[in-house]
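Student:
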Amino acid sequence: MEIDELVKKLNTDVNKGLSASEVETRIKTYGYNEVPEKKPNPYLSFGKKFWGLTAWMLEAVIVLSVILNKMIDMYVIIALLLLNAVLGFFQEQRASKAVDALKQQLRVNARTLRDGKWQLIPARELVPGDIVRVRAGDFVPADLKLLDGQIEVDQSALTGESLTVSKAKSDMLFSGSIVKSGESNSLVVLTGNKTYFGKTTELVQVAKPRLHTEDVISTVVKWLLIIVGVALAVAFVVAIFLGIDLFDVITLALVLLASSIPVALPAMFTISMAIGSMELVKRGVLVTRLSASEDAATMDTLCSDKTGTITMNKLSVAGIIPMNGVDENTALMYGALASQEANHDAIDLAFLGAASDRKISFDGFKQKSFTPFDPKTRRTEAMIEKDGKTFKVVKGAVNIIADLVGADVNALNQQTNEYAIKGYRTLAVAMGEDDKSLKIVGLVALYDMPRPDAKKLIGELKSLGISVKMLTGDALPIAKETARQVGLSDSITASKEFEKLVESDPEKASDIAEKSDGFAEIYPQDKYSIVKSLQKRGHIVGMTGDGVNDAPSLKQAEVGIAVNSATDVAKGAASVVLTGEGLGNIVDLVKVGRQIYQRILTWIFNKVVKTFQIVVFVVVAFLLTGRFIVSAFDVVLLLFVIDFVTLSISTDNARWSKTPDTWNITGLVKSSIILGILVVLESLAILYIGLGPLGISKDYELLKTFSFSILFYFGMMTVFVVRERGHFWNSFPSKSLFYITLIDMIVVALLVTFGFPGLKPIPITDTLIVIGMSAFFSFVINDFVKYFILRGKKA
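In the numbering used here, the protein residues as written are 10 to 804.
As structure tokens, then:
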């Protein structure tokens, strides 16, 4: 529509804008200028905490307690189930609030004319009919119709085109683009879902990344159940053989099931990731989905945008071919004189920047007039005065300038052949007293220079076992040259070739995605296909992006990384937002992510060893003595004094591994069982001392407290053994882990020495014997065994 027709249709006043009452009415009609976010029902979220393997195990133990008429055990485990649900629910709510706070931090504002006054309001409150003013550096907050002026906009976030686009009166500005130069009053035409911005974000809802946390928890629970199941099966067979009452074995099942439940594991994941996220904020990385930091540990492939991440997103002069008797500096000087800094044009800034780097002096030169770049003429020109004389300078596309001066364009193209092979963009510079006397003084090649640290950081990512793939919309020669400069191979694939295979031969497409070091001439949908293809091969994929069109691929990737200049849509779709430039923050993300992984792995390692110890120790002791050396209540108490206390592992000074981590739970369980067998034998040795020299066999309640002490102190000291893949002295634990564990051990020593409901006090000498022997076995024997078990395996 024409402007007047559109103004009339939207019933607005271009001089006063909308009134406050009219805005309220239109918000009710059109809604806010945002894509509505579907938030889960909090009651449903809380209800889900009672569904899942961990919850089912607790519920099974409750049912078993009722059957066996163990009512105190039932009440304690119901309390544990409720505590687990409440903790999990509130941790999720806190994480959700953190994400909302981040969105507020990244909020876009708009200068808007309301009731005749210009106001700065949140862009989400814009409605069709509003009058807004946009100028250089602004994010276009809605689909707008220009009412006046002329501006240059960067639409690369929407269309992928690298050069700016000129917009004049009556042209449309699309939401999500960025104003590079000029300013204009504009009319809001479309908002929210109706904009190009909104339509693109709808793609995000289709993409669902694979989450690994739930898989890990399920696998751990299954292995713990297998350990309990095998132990119970052995107990049943031996009980039948020895003539032990089978009802007692069912009671034993209650104790063992309670011991195997990793109640604190979900909390360990959440707390470790939350603490890791705070560490990352200090390093310029904002995590908007907690699991992203854990996923970063397992990430083995990074798909990185070239522009702005690997390169400077700033054109630079790559080379100069001087002509007609001038030198390189003179040719560059004339090109710079045909430029203007105020326009913020990428090409103009490239010429001016190169002239400044070469310390070319412009003393005595005065720019009397300047004609900026126009898509119709495809050149800039200026009239320059020096020493009372004037001359004209022109720069533009080689074929345009060749036609202007009557030069042989083929001959010029032959001279720039080397630059053309590399994919550089070559411009011609001409000067003369007037149009008739213009002559070409030089050919200047431009390119987007790689960041100074790009090669080093890509090398560091490779040393961390991550395959880096460069993604760019640029031509294949440019992509290959950039890849060469930053340490990637020239195995770059053109998107057309790849997209054909995605449809006809997905398996081959995945193979190409896996083997290529990058992709050129790509469109947004290509990025999404590349991520999906790599995931089909089992890769954990990281993806960087900045535009609205990157949102689907950012959402699909396990680690979606929005760069610091990204649009709000990209930031909303990503799980990580960088506040710094380049790849440096991504290296930090990987290292901290792997530290988080090591912390969680330590907790799981300790849990499996401890569960194996409790299950086998209790079963063997039951078969040897015919008595339960611990009750279900004792086991639940152990869950509190060990599992929940060892959540402080989430603060530990863990060392990151040099290769991508993988959740090889089966391998971890095997290592845990080897160490567990040793701990069981040692526990039985201490129990033997208790039954013999210490004489606790005469009092059943004393036996239970003594056994509780053995299980507790081995459980706590094993933490310090398994937290370090080398010897325990190779690194010191965090202060939080050390002091919380120390306090916990002192408190339990007091409880077992002076008594606690359900725990009959034992002599202080017995307590000290258990502590001393547990420490000797753990730090002198078990640490060396663990070292040899893990030696040669990936840290």
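Where a beta carbon is used, it is the ideal one built from N, C-alpha and C, also for glycine.
On a CA-only basis, which of Val162, Phe797, Gly238 and Ile393 is nearest Gly344? Give me that one, please.
Tutor: Counted from its first residue, the sequence shown places residue 344 at position 335. Of the listed residues, the one whose Cα sits closest to Gly344 is Ile393.
Student: Which term fits Val779, buried or exposed, when burial requires 16 or more other beta carbons within 10 angstroms of its beta carbon?
Tutor: Looking up residue 779 in the sequence shown gives position 770. So Val779 ends up on the buried side.
Student: Give me the Cα-Cα distance between Asn791 and Asn615, rounded to the nearest whole angstrom.
Tutor: As a first step, residue 791 is located in the sequence shown; it is residue number 782 there, counting from the start. As a first step, residue 615 is located in the sequence shown; it is residue number 606 there, counting from the start. About 13 Å.
Student: Could you round the C-beta distance between Met277 and Ser659 to whole angstroms and report it? I think they count as a contact, below 8 Å.
Tutor: Taking the first residue of the sequence shown as 1, we reach residue 277 at position 268. Taking the first residue of the sequence shown as 1, we reach residue 659 at position 650. About 6 Å; that satisfies the 8 Å criterion.
Student: Taking the alpha carbon of Ile683 as the point to measure from, which residue in Ser190, Val731 and Val644 has its own alpha carbon closest?
Tutor: Locating residue 683 in the sequence shown gives position 674, where the first residue counts as 1. Cα-wise, what sits closest to Ile683 is Val731.
Student: Identify the continuous beta strand (DSSP E) that holds Asp457 and give its terminal residues.
Tutor: Position 448 of the sequence shown, counted from the start, is the residue given in the question as residue 457. Here the beta strand (DSSP E) through Asp457 covers Lys448 to Pro459.
Student: For the candidate residues Leu15, Phe98 and Asn333, whose alpha-carbon lies nearest to that of Phe55?
Tutor: Residue 55 sits at position 46 when you count from the first residue of the sequence shown. For the residues Leu15, Phe98 and Asn333, the minimum Cα distance to Phe55 belongs to Phe98.
Student: Around the C-beta of Val296, are 16 or more other C-beta atoms found within 10 angstroms, so that it is buried, or is it exposed?
Tutor: If you number the sequence shown from 1, residue 296 lands on position 287. Its Cβ being crowded by 16 or more others within 10 Å, Val296 is buried.
Student: Need the endpoints of the beta strand (DSSP E) that Leu497 sits in, please.
Tutor: For this step, residue 497 is matched to residue 488 along the sequence shown. From DSSP, Leu497 is part of no beta strand (DSSP E); its letter is neither H nor E.
Student: Could you give the distance in angstroms between the alpha-carbon of Arg608 and the alpha-carbon of Ile521?
Tutor: In the sequence shown, residue 608 corresponds to position 599, counting from 1. In the sequence shown, residue 521 corresponds to position 512, counting from 1. Distance between the alpha carbons of Arg608 and Ile521 is about 35 Å.
Student: Out of Thr553, Arg734, Thr389 and Thr34, which has the shortest C-alpha to C-alpha gap to Thr310?
Tutor: The count along the sequence shown starts at 1 and reaches residue 310 at position 301. Of Thr553, Arg734, Thr389 and Thr34, the residue nearest in Cα terms is Thr553.
Student: How big is the Cα-Cα spacing for Ser325 and Lys398?
Tutor: On the sequence shown, residue 325 is found 316 positions in, with the first residue counted as 1. On the sequence shown, residue 398 is found 389 positions in, with the first residue counted as 1. Answer to the nearest angstrom: the Cα atoms are 31 Å apart.
Student: With the cut-off set at 8 Å, would you say Leu447 and Ala437 are in Cβ contact?
Tutor: The residue labelled residue 447 in the question sits at position 438 within the sequence shown. The residue labelled residue 437 in the question sits at position 428 within the sequence shown. Contact: no.
Student: Looking at C-alpha atoms only, which residue of Met332, Thr228 and Tyr456 is the closest neighbour of Pro486?
Tutor: On the sequence shown, residue 486 is found 477 positions in, with the first residue counted as 1. Among Met332, Thr228 and Tyr456, the Cα nearest to that of Pro486 belongs to Tyr456.
Student: Per DSSP, which one or two residues make a beta bridge with Arg120?
Tutor: Counted from its first residue, the sequence shown places residue 120 at position 111. Bridge partners of Arg120: Leu129 and Arg142.
Student: Could you have a look at Thr611 and say whether DSSP puts it in helix, strand or coil?
Tutor: Walking along the sequence shown from the start, residue 611 turns up at place 602. The answer is helix: DSSP assigns Thr611 an H, G or I state.
Student: Thinking C-alpha only, which one of Ala359, Ile356 and Gln349 is nearest Gln376?
Tutor: In the sequence shown, residue 376 corresponds to position 367, counting from 1. Residue Gln349 is the option with its Cα nearest to Gln376.
Student: On the DSSP letters alone, give me the boundaries of the alpha helix (DSSP H) that Asn322 sits inside.
Tutor: Here residue 322 refers to the residue found at position 313 when the sequence shown is read from its first residue. No alpha helix (DSSP H) contains Asn322, which is instead part of the beta strand (DSSP E) from Thr320 to Pro331.
Student: Can you check DSSP and say which residues form a bridge with Phe250?
Tutor: Indexing the sequence shown from 1 puts residue 250 at position 241. DSSP output for Phe250 lists no bridge partner at all.
Student: Can you list the beta strand (DSSP E) stretches of 3 or more residues lying completely in the segment 541 to 585, in chain order?
Tutor: Entirely contained in the segment 541 to 585, the beta strand (DSSP E) runs reaching 3 residues are, in chain order, 550 to 554 and 568 to 571.
Student: Judging by CA-CA distance, which residue of Leu768, Ile698, Asp753 and Asp366 is the nearest neighbour of Met782?
Tutor: Locating residue 782 in the sequence shown gives position 773, counting from the first residue. Minimum Cα distance to Met782 is reached at Ile698.
Student: If contacts are defined as beta-carbon pairs under 8 Å, then Lys744 and Trp665 qualify, I think. What distance do you get, rounded to the angstrom?
Tutor: Locating residue 744 in the sequence shown gives position 735, counting from the first residue. Locating residue 665 in the sequence shown gives position 656, counting from the first residue. Actually they do not touch by this definition, with Cβ atoms about 20 Å apart.
Student: Using a threshold of 8 Å, state whether the C-beta atoms of Ala454 and Ala663 are closer than that.
Tutor: Reading the sequence shown from its first residue, position 445 is the one you call residue 454. Reading the sequence shown from its first residue, position 654 is the one you call residue 663. No; because the gap between Cβ atoms is not below 8 Å, this pair is not in contact.
Student: Using the Cβ count rule (16 or more neighbours within 10 Å means buried), how would you classify Ile226?
Tutor: If you number the sequence shown from 1, residue 226 lands on position 217. It counts as buried.
Student: What three-state label does DSSP hand Ser805 in the structure shown?
Tutor: Only positions 10 to 804 of the chain appear in this structure, which leaves residue 805 out of reach.
Student: Quick test of the definition: if touching needs 3 or more C-beta pairs under 8 Å, does the segment 557 to 566 touch the segment 578 to 588?
Tutor: Enough Cβ pairs lie closer than 8 Å, so yes.
Student: Return the CA-CA distance between Ile531 and Ile539, expressed in angstroms with no decimal places.
Tutor: Along the sequence shown, read from residue 1 onward, the residue named residue 531 stands at position 522. Along the sequence shown, read from residue 1 onward, the residue named residue 539 stands at position 530. Going by the C-alpha atoms only, they are around 10 Å apart.
Student: Does the segment 16 to 25 come within contact of the segment 123 to 143, defined as at least 3 CB pairs closer than 8 Å?
Tutor: Yes, they touch.
Student: Just to confirm, is the Cβ distance from Ser186 to Gln164 under 8 Å?
Tutor: Within the sequence shown, residue 186 is the residue found at index 177, counting from 1. Within the sequence shown, residue 164 is the residue found at index 155, counting from 1. Yes.
Student: Just the Cα atoms here: how many angstroms apart are Leu647 and Thr727?
Tutor: Numbered from its first residue, the sequence shown carries residue 647 at position 638. Numbered from its first residue, the sequence shown carries residue 727 at position 718. Going from the Cα of Leu647 to the Cα of Thr727 covers about 14 Å.
Student: Assign Val423 to buried or exposed, taking buried as 16 or more other Cβ atoms, counted over all protein chains shown, within 10 Å of its Cβ.
Tutor: Within the sequence shown, residue 423 is the residue found at index 414, counting from 1. In the sequence under discussion, the amino acid at residue 423 is Gln, which differs from the Val named in the question. With fewer than 16 Cβ atoms within 10 Å of its Cβ, Gln423 is classed as exposed.
Student: Reducing DSSP to helix, strand and coil, say where Ala406 ends up.
Tutor: Here residue 406 refers to the residue found at position 397 when the sequence shown is read from its first residue. Strand at Ala406.
Student: On the DSSP letters alone, give me the boundaries of the beta strand (DSSP E) that Lys478 sits inside.
Tutor: Counted from its first residue, the sequence shown places residue 478 at position 469. Lys478 -> beta strand (DSSP E) spans Ser476 to Leu480.
Student: Relative to the C-alpha of Asp372, which residue among Ala359, Val654, Lys395 and Phe360 is closest?
Tutor: Here the question's residue 372 lines up with position 363 in the sequence shown. For the residues Ala359, Val654, Lys395 and Phe360, the minimum Cα distance to Asp372 belongs to Lys395.
Student: Between the segment 748 to 761 and the segment 630 to 639, do three or more beta carbon pairs fall short of 8 Å?
Tutor: Touching, no, given that fewer than three Cβ pairs across the two stretches are closer than 8 Å.
Student: Out of Pro331, Lys18 and Asp139, state which residue places its alpha-carbon closest to the alpha-carbon of Ala340.
Tutor: Sequence index remark: in the sequence shown, residue 340 carries index 331 (1-based). When only C-alpha atoms are compared, the closest one is Pro331.
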